[in-house]
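As you go down the protein sequences, you meet chains G and P in turn. Going by my numbering, the final residue of the first sequence carries number 1721, and the count climbs one at a time with no gaps. Going by my numbering, the final residue of the second sequence carries number 1721, and the count climbs one at a time with no gaps. From the three backbone atoms N, C-alpha and C, an ideal C-beta is built for every residue, glycine too. Since the model is a prediction, treat every value here as computed from it, not as a measurement.
Number of protein chains: 2
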Amino acid sequence: MSAPIVHGGGITEAAARYGGRLEDWLDLSTGINPCPVALPEVPARAWHRLPDNQTVDDARRAAAAHYRTNGVLPLPVPGTQSVIQLLPRLMQFHQGAGAAAGRRVAIFAPTYGEYARVLQAVGFAVDRIESAGELAAEHGLVIVVNPNNPTGRAFAPADIIAMAERLKEQAGLLIVDEAFGDLEPELSVASHVREQGNLVVFRSFGKFFGLAGLRLGFVVAPEPVLSAFADWLGPWAVSGPALTISTALMQGDTRAIAAGILERRAGLDAVLDGAGIARLGGTGLFVLVEHQQAGLLHERLCEAHILTRKFDYAPTWLRIGLAPDAAADRRLADALRRMEF
Amino acid sequence: MSAPIVHGGGITEAAARYGGRLEDWLDLSTGINPCPVALPEVPARAWHRLPDNQTVDDARRAAAAHYRTNGVLPLPVPGTQSVIQLLPRLMQFHQGAGAAAGRRVAIFAPTYGEYARVLQAVGFAVDRIESAGELAAEHGLVIVVNPNNPTGRAFAPADIIAMAERLKEQAGLLIVDEAFGDLEPELSVASHVREQGNLVVFRSFGKFFGLAGLRLGFVVAPEPVLSAFADWLGPWAVSGPALTISTALMQGDTRAIAAGILERRAGLDAVLDGAGIARLGGTGLFVLVEHQQAGLLHERLCEAHILTRKFDYAPTWLRIGLAPDAAADRRLADALRRMEF
């Protein structure tokens, strides 16, 4: 068992330490749309019955259109985390158990920590790389989060495909986690999965729609990989409400959701500009800032009951998510204004 | 990949074959309470945020009281199926990878088919046994569903504990699946888990409460097994709505739910008695009947748009679940009355 990673979203712990009622905290520690969309009606049968094939098929078709997969029917999974947990098994499946043992994993870093944690926990050697030039013949699995969390670094699809092509020569798989890709659909390689053969795309439902509690993600992958994941997760892996809600929302017009997120992001940018805080990167759903005293900034914000995300490995970084409205933007601005460094 | 098992709940497929609108079918093919309880209000944050530790802890404490675990905090999982999928890994974890390879699994059979499917798919040798006398020194994992699905066969807790004691001598684990145990709490061994050390109990939330679409189960197990399952499932495995709903319902009075189920079961018994159909066994949530022409009976009921569950391995058996109300009981009675054999 490996040590758990501290993720964003820990306002219970923060409130226990810094005081304040839970509902009075402003949680900017996640990359989740702070304005959850209105829930469509969930039919009683979605709660009552095990999700049937029809319900799953409807969700897959809606996701294929929404993520523009060029005909591949994405597999719904109970959160991307559930398939990250299965990557060691995917590595063995793709390479053959004996061959997998000698191969290494490359992860474009720094990034979402669960990839390295899960693979290292079962003994895989993980190389944290920064450029495609560091890829080697021993790499059987390569992981890139695009756009990246927390840096916002984005690879052009052509560069991703070039990497996949190179990996194909060495029977390597390329996982592209597009969890924060909804606002930059031009970055997605989901439409290339069908012809590429060794490309697997993870999509997250909850971040863009503001419904992370639902636990829903989708995998766009070649058929053998989809079948393997489906087999390993077993029947009825995703809840009925998650399937019916995602189907309804993906069939609707999502432009207003995107516009709302970008407006909130503009609000955050204005606050940071006003405070003179430098932006290092980000996506539509969060900003990564650089500050020489980021740890102190994090603590002072906690004292104002505003939670941001700091990083053990980068003491000058702070990730700041979107506030739900202009009043919350002002609260952040006021807290920053009162600070002295 | 192993062939999928045909489970109950396939009314979409049945309607495609026998006609009729989906909502006009009477689905008696499952063992789910046909009268789902009223949903408690789900707080907006349960949908919006990743489930935090507090939400999980509340669910665990409510489940500990509800299942009378004698202090063990059950681990919430996204359906019992999710941990059945992990049994091969549990076997390796408990026995050590090398030792596990030489050991066999014993399953009290016939029973829920997923146990054998999952274990055989990765190469474990599975013995289907009928009595504890068939247990052998090679058995590293033993599985008993109590009360059993579909036969309703019940083991007394003392007999289960005696088996666990015997298995302890050979470093064996005993899994007791109490998915249908809510109406017979006196059969449960959940309160013995703490002192037994090699006993693992699976509980299903959705069957008794009529909310199978939620995907929620609980594991009562010694701490190393709970930690291993938690580690393998990864963070946020269960949806926020599932956690908050189960907490609220388990903290409430469940006697009316039990009484409602038993009333529906009495209605089914009266129908079967009226039709002269012999009951072979069952639990509060279904009846197993024996009929020389069970296959034909199944088909005739399908023609009346009533779905029951037949079994490849037992051509004279039919499992019949509870109808939602007296009118549905009469519909079943009428359909049976019109048949001629």
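Beta-carbon neighbours of residue i, restricted to chain P and to distances below 8 Å
{"i": "residue 1428(G)", "result": "1412, 1416, 1590, 1591, 1592 and 1593"}
{"i": "residue 1617(G)", "result": "1458, 1459, 1461, 1462 and 1595"}
{"i": "residue 1424(G)", "result": "1416"}
Counterpart residues of residue i in DSSP-defined beta bridges
{"i": "residue 1598(P)", "result": "1456(P) and 1583(P)"}
{"i": "residue 1557(P)", "result": "1525(P) and 1582(P)"}
{"i": "residue 1670(G)", "result": "1658(G) and 1697(G)"}
{"i": "residue 1606(G)", "result": "Paired residue(s): none; residue 1606(G) is not in a bridge."}
{"i": "residue 1687(P)", "result": "1407(P)"}
{"i": "residue 1484(P)", "result": "1519(P)"}
{"i": "residue 1663(P)", "result": "1666(P)"}
Residue i vs residue j beta-carbon contact at 8 Å
{"i": "residue 1557(P)", "j": "residue 1525(P)", "result": "yes"}
{"i": "residue 1589(P)", "j": "residue 1637(P)", "result": "yes"}
{"i": "residue 1698(P)", "j": "residue 1710(P)", "result": "no"}
{"i": "residue 1666(G)", "j": "residue 1399(G)", "result": "no"}
{"i": "residue 1443(G)", "j": "residue 1454(G)", "result": "yes"}
{"i": "residue 1528(G)", "j": "residue 1488(G)", "result": "yes"}
{"i": "residue 1658(P)", "j": "residue 1717(P)", "result": "no"}
{"i": "residue 1461(G)", "j": "residue 1614(P)", "result": "yes"}
{"i": "residue 1458(G)", "j": "residue 1617(P)", "result": "yes"}
{"i": "residue 1392(G)", "j": "residue 1434(P)", "result": "yes"}
{"i": "residue 1573(G)", "j": "residue 1452(G)", "result": "yes"}
{"i": "residue 1700(P)", "j": "residue 1406(P)", "result": "no"}
{"i": "residue 1569(P)", "j": "residue 1541(P)", "result": "yes"}
{"i": "residue 1512(P)", "j": "residue 1471(P)", "result": "no"}
{"i": "residue 1596(G)", "j": "residue 1423(G)", "result": "no"}
{"i": "residue 1531(P)", "j": "residue 1565(P)", "result": "no"}
{"i": "residue 1670(P)", "j": "residue 1696(P)", "result": "yes"}
{"i": "residue 1593(G)", "j": "residue 1607(P)", "result": "no"}
{"i": "residue 1591(G)", "j": "residue 1439(G)", "result": "no"}
{"i": "residue 1584(P)", "j": "residue 1610(P)", "result": "no"}
Contacts that residue i makes with chain G (C-beta to C-beta distance below 7 Å)
{"i": "residue 1392(P)", "result": "1432, 1433 and 1434"}
{"i": "residue 1621(P)", "result": "1593 and 1621"}
Within chain G, partners of residue i - CB distance below 8 Å
{"i": "residue 1490(P)", "result": "Near residue 1490(P) there are no residues of chain G at all, since even the closest Cβ is about 19 Å away, more than 8 Å."}
{"i": "residue 1613(P)", "result": "1462 and 1465"}
{"i": "residue 1419(P)", "result": "1427"}
Residue i Cβ short of 7 Å to the ligand ZN heavy atom set
{"i": "residue 1624(G)", "result": "What this structure holds is no ligand at all, so the ligand ZN is not there to describe."}
Would you say the stretch 1635-1649 of chain G touches the stretch 1686-1706 of chain G, given that touching needs at least three Cβ pairs under 8 Å? Yes, the stretch 1635-1649 of chain G is in contact with the stretch 1686-1706 of chain G.
If contact is defined by three or more beta carbon pairs under 8 Å, each pair taking one atom from either stretch, is the stretch 1624-1644 of chain G in contact with the stretch 1462-1469 of chain G? Contact between the stretch 1462-1469 of chain G and the stretch 1624-1644 of chain G is absent, with fewer than three C-beta pairs closer than 8 Å.
What ranges does the alpha helix (DSSP H) occupy inside the stretch 1488-1525 of chain G, keeping only unbroken runs of at least 4 residues that lie completely in it? Listed in chain order, the alpha helix (DSSP H) elements of length 4 or more contained wholly in the stretch 1488-1525 of chain G are 1494-1501.
Assess contact between the stretch 1417-1434 of chain P and the stretch 1402-1416 of chain G, defined as three or more Cβ pairs (one per stretch) separated by less than 8 Å. Is contact present? Cβ pair count under 8 Å is three or more, so yes.
Between the stretch 1571-1587 of chain P and the stretch 1598-1608 of chain P, are three or more C-beta pairs nearer than 8 Å? A contact between stretches requires three or more CB pairs, one per stretch, nearer than 8 Å, and the stretch 1571-1587 of chain P meets this requirement with the stretch 1598-1608 of chain P.
For the stretch 1468-1484 of chain P against the stretch 1510-1524 of chain P, do three or more pairs of beta-carbon atoms, one drawn from each stretch, fall closer than 8 Å, so that the two count as touching? Counting C-beta pairs with one atom in each stretch, the stretch 1468-1484 of chain P and the stretch 1510-1524 of chain P have three or more that are closer than 8 Å, which means they touch.
Cβ contact (3+ pairs, closer than 8 Å) linking the stretch 1650-1670 of chain G and the stretch 1536-1550 of chain G: No, because fewer than three Cβ pairs between the stretch 1650-1670 of chain G and the stretch 1536-1550 of chain G fall closer than 8 Å, the two stretches do not touch.
If you scan the stretch 1416-1456 of chain G from start to end, which runs of the alpha helix (DSSP H) of 4 or more residues do you find wholly inside it? Fully contained in the stretch 1416-1456 of chain G are the following alpha helix (DSSP H) runs of length 4 or more, in chain order: 1424-1428 and 1433-1446.
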